[in-house]
Amino acid sequence: QGIGNRIRKKHPSKKIRYIPTERLVTDVVNSIRENKVEDLKKEFKTIDVLIIDDIQFISRKTKTQEEFFHIFNALYQENKQIILTSDKHPGSIETLADRLRSRFEGGMLADVQMPDLETRIAILKQKAEEKNFSISFEALEYIASNIQKNVRELEGALNKIILVEKINKRPSTLNDIKKQLKSLISIKTKITTPEKIIDTILDFYEIENKELFIHSRKKEYSRPRQLSMYLLKKELKLSYSAIGRKLGNKDHTTVMHSYALIEKEYEQNQNFSQEVEMILQRIYSNN
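Here it is, written out as structure tokens:
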């Protein structure tokens with residue numbers, strides 16, 4: 008939605024539509040039931056910028072994928088802007104039609120990282136000001152330090168604090184806030200480093216550091232290398248470019264491809280998923 012607001016400010020004449028994937032699925036199902044699929048397609052064709060959130064939820068929705076393919080093509084042929092968000096690489100979205108997957112992968116793929124601590128504090132401060140809510144810097148810092156997954160969760164935590172204050176009719180202390188957010192914050196924060204992840208993988212697969220960086224398709228070397236990329240992304244949220252630099256200056260597209268391969272293997276191969284869990288236990292065993 009933030010992207011849409013930014014575009015609207017710069018190009019007020021553009022017709023922008025933001026839609027979560029769940030709503031897209033509902034609209035397609037309803038249009039089929041009411042025999043109004045063509046009307047739905049015509050409606051989408053009038054849009055200049057289409058923003059769809061959580062497109063991974065289109066997985067297994069065969070009919071929605073079919074209709075969205077036609078909508079996508081119609082907009083693409085008219086040089087309209089299509090922005091899709093997903094928590095997975097297109098290659099990792101299960102039961103996604105190949106023709107849709109190729110369209111998604113043919114666009115520009117951007118890895119959007121969680122803002123750093125200072126930015127998260129600034130976001131919370133701005134949200135509090137928008138709601139005319141007074142909150143201490145210490146409280147903002149505590150929230151931003153402990154909720155790191157996404158901005159939505161940050162705002163949810165702030166809304167919870169505001170609601171409790173309204174109910175209690177008094178300002179919340181830092182201790183109050185810690186109690187209020189206990190259910191939102193994991194009891195044990197897992198901490199690790201890129202070095203710890205790589206060293207643990209080397210030890211698990213009994214290979215030397217230099218063997219992780221050699222260009223080889225042999226599984227004994229490629230599997231540890233790809234798994235290193237996957238865990239550096241999954242556990243530390245490093246960018247694909249940063250991971251590539253750490254592992255022998257690999258191109259970011261190579262890292263993205265490796266991440267998708269390992270994620271798919273993890274979901275489909277029980278023996279491999281158990282291997283990964285064992286490695287994670289070793290990584291965090293000394294925390």
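First residue of the sequence shown? That's 8 in our numbering, and the numbers climb one at a time after it. Every residue, glycine too, gets a C-beta built ideally from N, C-alpha and C.
- Contact annotation: residue 168 and residue 155 have beta-carbon atoms that are not nearer than 8 Å.
- Between residue 95 and residue 29, the alpha-carbon positions lie close to 16 Å from each other.
- Bounds of any beta strand (DSSP E) do not take in residue 201; it lies within the alpha helix (DSSP H) bounded by 201-212.
- Annotated three-state conformation of residue 119 is coil, per DSSP.
- By the Cβ neighbour-count rule, residue 115 is exposed, with fewer than 16 other Cβ atoms within 10 Å of its own.
- For residue 57, DSSP records a beta bridge to 24 and 89.
- Contact check for residue 285 and residue 262: beta-carbon distance about 23 Å, past the 8 Å limit, so the pair fails to qualify.
- Residue 85 is not a Cβ neighbour of residue 44, given a cutoff of 8 Å.
- Beyond the five residues adjoining it in sequence on each side, residue 120 comes within less than 7 Å, by CB distance, of 244 and 246 in the same chain, given in chain order.
- Of the candidates 118, 111, 60 and 100, the residue whose Cα lies closest to the Cα of residue 83 is 111.
- Taking the C-beta atoms as reference points, residue 214 is found no nearer than 8 Å to residue 201.
- When the beta-carbon positions are compared, residue 226 and residue 266 stay at least 8 Å from each other.
- With 16 or more other Cβ atoms from the protein chains shown falling within 10 Å of its own Cβ, residue 97 counts as buried.
- With a beta-carbon spacing of about 11 Å, residue 24 and residue 78 fall beyond the 8 Å limit used to define contacts.
- Beyond the five residues adjoining it in sequence on each side, residue 122 comes within less than 7 Å, by CB distance, of 130 in the same chain, given in chain order.
- In this structure, DSSP gives residue 191 a state outside helix and strand, which the three-state scheme calls coil.
- In the DSSP annotation of this structure, the continuous segment of the alpha helix (DSSP H) that includes residue 231 starts and ends at 226-243.
- Counting the other CB atoms within 10 Å of its CB gives residue 253 a total of 16 or more, which places it among the buried residues.
- Exclusion of the five residues before and after residue 164 leaves 150, 154, 188 and 191 as the residues of its chain whose Cβ lies within less than 7 Å of its Cβ.
- Here residue 250 carries a helix assignment [DSSP, helix/strand/coil].
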